[in-house]
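Asks:
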DNA sequence: ATCTCTTGGATTGTTGACAATCTCTGGTTC
DNA sequence: GAACCAGAGATTGTCAACAATCCAAGAGAT
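Chains as they are written, first to last, in my numbering: chain G, 123 to 365; chain P, 123 to 365.
1. Given a limit of 9 Å on CB to CB distance, which residues of the region 183-201 of chain P reach chain G?
2. Assign residue 288 of chain P to one of two classes, buried (16 or more other C-beta atoms within 10 Å of its C-beta) or exposed (fewer than that).
3. Is residue 315 of chain P close to chain G, meaning its C-beta is less than 7 Å from at least one C-beta of that chain?
4. Consult DSSP for residue 209 of chain P and reduce its assignment to one of helix, strand or coil.
5. In its own chain, which residues sit with a C-beta less than 6 Å from the C-beta of residue 129 of chain G, not counting the 5 before and 5 after it?
6. Contact criterion: CB-CB distance below 7 Å. Does residue 326 of chain P meet it with respect to chain G?
7. Given this structure, state the Cα-to-Cα distance separating residue 257 of chain P from residue 131 of chain G, to the nearest angstrom.
8. Could you tell me if residue 147 of chain P is buried or exposed, where buried requires 16 or more neighbouring beta carbons within 10 angstroms of its beta carbon?
9. Looking at the structure shown, is residue 244 of chain P part of a helix, part of a strand, or coil, going by DSSP?
10. Should the region 169-183 of chain P be regarded as contacting the region 316-335 of chain P, the criterion being three or more beta carbon pairs within less than 8 Å?
11. Near residue 279 of chain G, which residues of its chain fall below 8 Å by C-beta distance, leaving aside the five closest residues on each side in sequence?
12. Any Cβ of chain P within less than 7 Å of the Cβ of residue 311 of chain G?
13. Does DSSP put residue 156 of chain G in a helix, a strand or coil?
14. Between the region 133-141 of chain G and the region 158-177 of chain G, do at least 3 Cβ pairs fall closer than 8 Å?
15. Contact criterion: CB-CB distance below 7 Å. Does residue 174 of chain G meet it with respect to chain P?
16. Give me the residue from P:211, P:224, P:159 and P:327 with the minimum Cα distance to residue 282 of chain P.
17. Tell me the rounded alpha-carbon separation between residue 309 of chain G and residue 202 of chain P.
18. For the region 204-221 of chain P, enumerate the residues whose C-beta is nearer than 7 Å to any C-beta of chain G, in chain order.
19. Who are the neighbours of residue 156 of chain G on chain P, taking C-beta pairs under 7 Å?
20. Below 8 Å on the Cβ atoms is my contact criterion, and I expect residue 195 of chain P with residue 154 of chain P to pass it. Report the Cβ-Cβ distance as a whole number of Å.
21. For residue 191 of chain G, count neighbouring C-beta atoms within 10 Å of its own C-beta (all shown protein chains included) and say buried if the count is 16 or more, exposed if not.
22. Thinking C-alpha only, which one of G:157, G:304, G:294 and G:206 is nearest residue 331 of chain G?
23. Please report the Cβ distance between residue 277 of chain G and residue 209 of chain P, rounded to the nearest whole angstrom; I am assuming they are in contact, meaning their Cβ atoms lie under 8 Å.
24. Looking at chain P, is there any beta carbon in it that lies within less than 7 Å of the beta carbon of residue 223 of chain G?
25. Do you know how far the Cα of residue 231 of chain G is from the Cα of residue 363 of chain G?
26. Could you spell out the range, first to last residue, of the alpha helix (DSSP H) harbouring residue 275 of chain P?
27. For the putative contact between residue 261 of chain P and residue 329 of chain P, defined by C-beta atoms under 8 Å, what is the C-beta separation to the nearest angstrom?
28. List the endpoints of the continuous alpha helix (DSSP H) containing residue 311 of chain P.
29. Which chain G residues are close to residue 135 of chain P, counting only those with a beta carbon under 9 Å from its beta carbon?
30. 7 Å is my cut-off, CB to CB: does residue 287 of chain G come that close to chain P?
31. On the three-state DSSP scale, how would you describe residue 167 of chain P?
32. Name, please, each residue of chain G whose Cβ falls closer than 9 Å to the Cβ of residue 178 of chain P.
33. Look up residue 151 of chain G in the DSSP assignment and say whether it is helix, strand or coil.
34. Taking any Cβ of chain P, which residues in the region 142-170 of chain G have a Cβ under 8 Å from it, in chain order?
35. If you count every other CB in all the chains shown that lies within 10 Å of the CB of residue 125 of chain P, and 16 or more means buried, which is it?
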């Protein structure tokens, strides 16, 4: 499932994939300046393809570029994430409502099977929430596909989901609410199966806004904790927490 | 207001602007293959910057690219336009609701002034609906700004509105419903001024879905008309219509 | 000591040439 | 006559060198 890094046709596309992955996983830090020469050397390609890749990443909002001053990895602060979740709520709510009208019965069955698999995984390995996390993308992606709206699919898959995965990697140590999420997924699929688009939309919106509230709260708590010993990310003073 | 073509810092950005303009105005036809060498020569730049520009346009969904086979201008068929309007309905509806909560009183007043100006223009030059058309973008853009959601603003301004302008240029000879549109704009602003986000969203959604119904109908009529004499766009056989 | 100007180094932007790939044409074979 | 297979031409992909721009360190003046 984890895409093999170098599967793209052109070097620029390959670089684009690898850079995307590196940014999402945090290998490239938020706000970090990206040096073209270094990156090109690292990937064993020329600066031409690399620059094209960066131009693509810019379109995906994963980097910001200032002419003659280079590109930097975006920084996902709380406000940006709030914006992202708000947009998701609108788009995925719509996707859900449309999917309830347009999905075939087979697709609905596939969705249900997907949830069964997720349930197994969650029960089997209780703490490994990243499995659920990737599965979560599958779920939401399947619903987007069900909307049959190609523009919506592209928007969600190409842009928002990348940023969302980036958020997840940042906040993965927080918020392990896989079971309630799975339950909400079930209810959403039930509404879709009943062809009740209105309800499906409401449930999806609630699912997403709930997820945001949870994450937002956790972040706030962590920020407060960090305010005590600001430099405790570095293992220098080793003051521990709440020292 | 029409951005001066060559105002960007780098050649790639300049090319990006000019290409965008050329595609929107139809100077570059839908589905047309874009030859890198020709375009580069035409803009007086090398192929490097041009390719970067094309990579950007790809992100804006104005062109599609197939590795080793070149890039083509997107083709806006009816289905794509329907998808676009559906996404707009969701996003602009949300923008409207949020703007009703977050816009300052000054911004609301600015919106009202904007509509006054539009009214003048519409009354003064009755047929020149393109003025209204550009003004329409202003109106929707101002509301997007009012949402204070930067991601939403980028999404609408950078991607959807470019495609939308492309639609408009294609269908500008159809659907001159500037007065009802202006009236709907007024009602939307009234709802925002009353801080009634729910109503503002409903009105905006109705405004957009109504616009799409109108355009869709007109397109259908035109398609039927074209089915009589298919090749009447070329002045070759000069058979006129309904021959 | 602080501010400004200059200069050197590093980085981005751009180009033209080269390599890889595709496509279209023409010929050959069944 | 149709299908298939070269091969030339055109087009995209890539690279390495060059030009333009920015940034930081250091000298000099107030």
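Built from N, CA and C at the ideal position, the CB exists for glycine as well.
Replies: Reading from the atomic positions:
1. 183, 189, 190 and 201
2. Here residue 288 of chain P refers to the residue found at position 166 of the second chain. Residue 288 of chain P comes out buried.
3. Within the second chain, the letter at position 193 stands for residue 315 of chain P. Interface annotation, residue 315 of chain P: not in contact with chain G, CB-CB separation never under 7 Å.
4. As a working mapping, residue 209 of chain P is identified with position 87 in the second chain. Looking at residue 209 of chain P - three-state DSSP - the assignment turns out to be helix.
5. As a first step, residue 129 of chain G is located in the first chain; it is residue number 7 there, counting from the start. Its pLDDT being 49, under 50, residue 129 of chain G is placed unreliably in this model, and the coordinates cannot settle the point.
6. For the purposes of this step, residue 326 of chain P is taken as residue 204 along the second chain, with counting starting at 1. Not one chain G Cβ lies under 7 Å of residue 326 of chain P.
7. Here residue 257 of chain P refers to the residue found at position 135 of the second chain. Here residue 131 of chain G refers to the residue found at position 9 of the first chain. Distance between residue 257 of chain P and residue 131 of chain G, taken at the CA atoms: about 43 Å.
8. Against the second chain, residue 147 of chain P aligns to sequence position 25. Classification of residue 147 of chain P: exposed, given that the 10 Å Cβ count is below 16.
9. Your numbering for residue 244 of chain P matches position 122 in the second chain. Residue 244 of chain P: helix per DSSP, three-state reduction.
10. As far as the Cβ criterion goes, the region 169-183 of chain P does not touch the region 316-335 of chain P, which means the pair count is below three.
11. Along the first chain, read from residue 1 onward, the residue named residue 279 of chain G stands at position 157. Hits under 8 Å: 263 and 266.
12. Start at 1 with the first residue of the first chain, and residue 311 of chain G comes out as number 189. Not one chain P Cβ lies under 7 Å of residue 311 of chain G.
13. Within the first chain, numbered from 1, the residue matching residue 156 of chain G stands at position 34. It is a strand residue.
14. yes
15. Translated into positions along the first chain, residue 174 of chain G becomes position 52. True, the Cβ-Cβ gap to chain P drops below 7 Å.
16. For the purposes of this step, residue 282 of chain P is taken as the residue at position 160 of the second chain. It is P:211 whose Cα lies nearest to the Cα of residue 282 of chain P.
17. The count along the first chain starts at 1 and reaches residue 309 of chain G at position 187. The count along the second chain starts at 1 and reaches residue 202 of chain P at position 80. For residue 309 of chain G and residue 202 of chain P, the distance between alpha carbons rounds to 31 Å.
18. 205, 206, 208, 209, 212, 213 and 216
19. Residue mapping note: residue 156 of chain G aligns to position 34 of the first chain, counting from 1. Chain P residues near residue 156 of chain G: none, gap ~15 Å exceeds 7 Å.
20. The residue given as residue 195 of chain P occupies position 73 in the second chain. The residue given as residue 154 of chain P occupies position 32 in the second chain. With a Cβ gap of about 5 Å, residue 195 of chain P and residue 154 of chain P count as contacting.
21. On the first chain, position 69 is the one that residue 191 of chain G refers to. Looking at its Cβ environment, which holds fewer than 16 other Cβ atoms inside 10 Å, residue 191 of chain G is exposed.
22. Position 209 of the first chain, counted from the first residue, corresponds to residue 331 of chain G. The option with the nearest alpha carbon to residue 331 of chain G is G:206.
23. Taking the first chain and counting its residues from 1, one reaches residue 277 of chain G at position 155. Taking the second chain and counting its residues from 1, one reaches residue 209 of chain P at position 87. With a Cβ gap of about 7 Å, residue 277 of chain G and residue 209 of chain P count as contacting.
24. Here residue 223 of chain G is taken as the residue at index 101 of the first chain, counted from 1. No, residue 223 of chain G lies away from the interface with chain P (no Cβ there is under 7 Å from its Cβ).
25. Stepping through the first chain from its first residue, residue 363 of chain G is reached at position 241. Stepping through the first chain from its first residue, residue 231 of chain G is reached at position 109. At residue 363 of chain G the pLDDT is 35, less than 50, meaning the model places this residue with poor confidence and gives no usable figure here.
26. Against the second chain, residue 275 of chain P aligns to sequence position 153. Looking at the DSSP string, the run of the alpha helix (DSSP H) that includes residue 275 of chain P is 272-276.
27. Residue 261 of chain P sits at position 139 when you count from the first residue of the second chain. Residue 329 of chain P sits at position 207 when you count from the first residue of the second chain. Between residue 329 of chain P and residue 261 of chain P the Cβ distance is about 10 Å, and since that is not below 8 Å, they are no contact.
28. Numbered from 1 along the second chain, position 189 holds the residue referred to as residue 311 of chain P. Residue 311 of chain P -> alpha helix (DSSP H) spans 300-315.
29. Within the second chain, numbered from 1, the residue matching residue 135 of chain P stands at position 13. The answer, in chain order, is 189.
30. As a first step, residue 287 of chain G must be located in the first chain, where it is residue number 165. No, its Cβ sits nowhere closer than 7 Å to a Cβ of chain P.
31. Residue mapping note: residue 167 of chain P aligns to position 45 of the second chain, counting from 1. The answer is coil: DSSP assigns residue 167 of chain P none of H, G, I, E or B.
32. Position 56 of the second chain, counted from the start, is the residue given in the question as residue 178 of chain P. Neighbours of residue 178 of chain P on chain G, chain order: 177, 178, 180 and 181.
33. Here residue 151 of chain G is taken as the residue at index 29 of the first chain, counted from 1. If DSSP states are grouped into helix, strand and coil, residue 151 of chain G belongs with coil.
34. So the close ones are 170.
35. Counting from 1 along the second chain, the entry for residue 125 of chain P is found at position 3. Low confidence applies here, because residue 125 of chain P scores a pLDDT of 38, under 50, leaving its location unreliable; read the following figure in that light. Classification of residue 125 of chain P: exposed, given that the 10 Å Cβ count is below 16.
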